[in-house]
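Notes follow once the structure below has been shown.
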Amino acid sequence: GQNIDQPTEMTATEGAIVQINCTYQTSGFNGLFWYQQHAGEAPTFLSYNVLDGLEEKGRFSSFLSRSKGYSYLLLKELQMKDSASYLCAVRRSNDYKLSFGAGTTVTVRA
Amino acid sequence: DAMVIQNPRYQVTQFGKPVTLSCSQTLNHNVMYWYQQKSSQAPKLLFHYYDKDFNNEADTPDNFQSRRPNTSFCFLDIRSPGLGDAAMYLCATETGTQETQYFGPGTRLLVL
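Now the structure itself:
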């Protein structure tokens with residue numbers, strides 16, 4: 002089975018840093034994705050990790066540790082437009098489908 | 186330039202009245218997915234197509250059907266919508282080479 006856990010909500014101040022953690026237990030692993038989803042809109046792709054380590058993309062970075070079943074998404078220099086839900090998703094190696102977490106709602110305050 | 190298009194964006198239907206949601210893509214991707222997402226929940230995969238091969242998730246109700254007449258289009262048919270089927274329905278596409286999925290804007294379904 003699949004079990005993907007991430008915090009429900011986080012709040013941070015504009016300009017600050019926020020780290021969203023994701024832990025997973027899946028039947029086979031073939032990569033981890035982070036998506037951003039604004040209210041009422043579709044998820045948009047942020048990052049992909051398949052090997053251990055840190056992937057950096059501008060203000061956003063994502064880290065993976067396969068042995069620990071753990072990833073985090075780091076958002077730096079927060080802006081108001083970063084207020085959204087952030088979904089962690091794991092691709093299963095047996096059928097290549099994505100299993101999603103319920104998402105972490107990040108609220109950025111001035 | 187829209188790559189995955191869903192129509193309509195909002196759909197209101199009556200309890201038990203069949204409804205069809207549509208998805209089209211300009212990416213020429215092999216794989217198309219339909220997800221159901223309820224408020225504050227993870228997207229739940231309903232089914233997917235690899236080219237014309239249809240794959241149903243084991244827990245997808247029989248009330249939900251899908252058609253993919255060609256590479257570009259995919260439809261979700263809900264034969265007898267219940268109040269519990271009110272949700273956002275997301276269509277996504279993928280090349281089939283394990284890259285990211287591209288999502289459409291979603292159709293929000295309201296059942297009265």
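For the protein sequence lines, the chains are A and B, in the order given.
Each number in our numbering corresponds to the 1-based position in the first sequence with 1 added.
Each number in our numbering corresponds to the 1-based position in the second sequence with 185 added.
Cβ atoms here follow ideal geometry from the backbone N, Cα and C, with glycine treated the same way.
Fair warning: this is a prediction, and the values are worked out from it, not measured in the lab.
For GLN7 of chain A, same chain residues with a beta-carbon under 6 Å away, outside a window of 5 residues either side, are CYS23, CYS89, GLY102, THR105 in chain order. When only Cα atoms are considered, GLU279 of chain B and ASN215 of chain B end up about 7 Å apart. Any Cβ of chain A closer than 7 Å to the Cβ of PRO193 of chain B would place that residue at the interface, and such an atom is absent. Under the three-state reduction of DSSP, GLY104 of chain A is assigned to coil, being neither helix nor strand. A direct Cα-to-Cα measurement between VAL109 of chain A and MET81 of chain A gives close to 5 Å.
Residues of chain A with a Cβ closer than 8 Å to the Cβ of THR285 of chain B are, in chain order, PHE34, PHE46, TYR49. Taking C-alpha positions only, TYR87 of chain A is separated from THR14 of chain A by approximately 17 Å.
Not flagged as an interface residue toward chain A: PRO246 of chain B, since no C-beta distance is shorter than 7 Å. By the Cβ test, the segment 228-242 of chain B is in contact with the segment 253-269 of chain B, since at least three Cβ pairs between them sit closer than 8 Å.
Look at the segment 226-259 of chain B: the residues with a C-beta under 9 Å from a C-beta of chain A are GLN226, ALA227, PRO228, LYS229, LEU230, HIS233, ASN240, GLU242.
The DSSP-derived three-state label of LYS82 of chain A is helix. Residue environment: THR12 of chain A is assigned as exposed (fewer than 16 neighbouring CB atoms within 10 Å of its CB, all protein chains considered). Judged by DSSP secondary structure, ARG293 of chain B falls within the beta strand (DSSP E) whose first and last residues are 292-296.
Separation of GLN191 of chain B and ILE18 of chain A (C-alpha to C-alpha, rounded to the nearest whole angstrom) is 35 Å. Against GLY269 of chain B, chain A offers no close residue; the least beta-carbon distance is about 18 Å (beta-carbon pairs closer than 9 Å). Put simply, the CB of LEU275 of chain B is near chain A, with a gap under 7 Å to one of its CB atoms. No Cβ-Cβ contact shorter than 7 Å links VAL204 of chain B with PRO290 of chain B.
Not one beta carbon of chain B lies nearer than 7 Å to the beta carbon of GLY59 of chain A.
Residues of the segment 92-104 of chain A with a C-beta atom less than 9 Å from some C-beta of chain B are ARG92, ASP96, TYR97, LYS98, LEU99, SER100, PHE101, GLY102, ALA103, GLY104, listed in chain order. By alpha-carbon distance to ASN31 of chain A, the top candidate from A:TYR71, A:LYS98, A:ALA85 is A:LYS98. In its chain, beyond the 5 residues on either side, TYR49, ALA90 have a beta carbon closer than 6 Å to the beta carbon of PHE34 of chain A.
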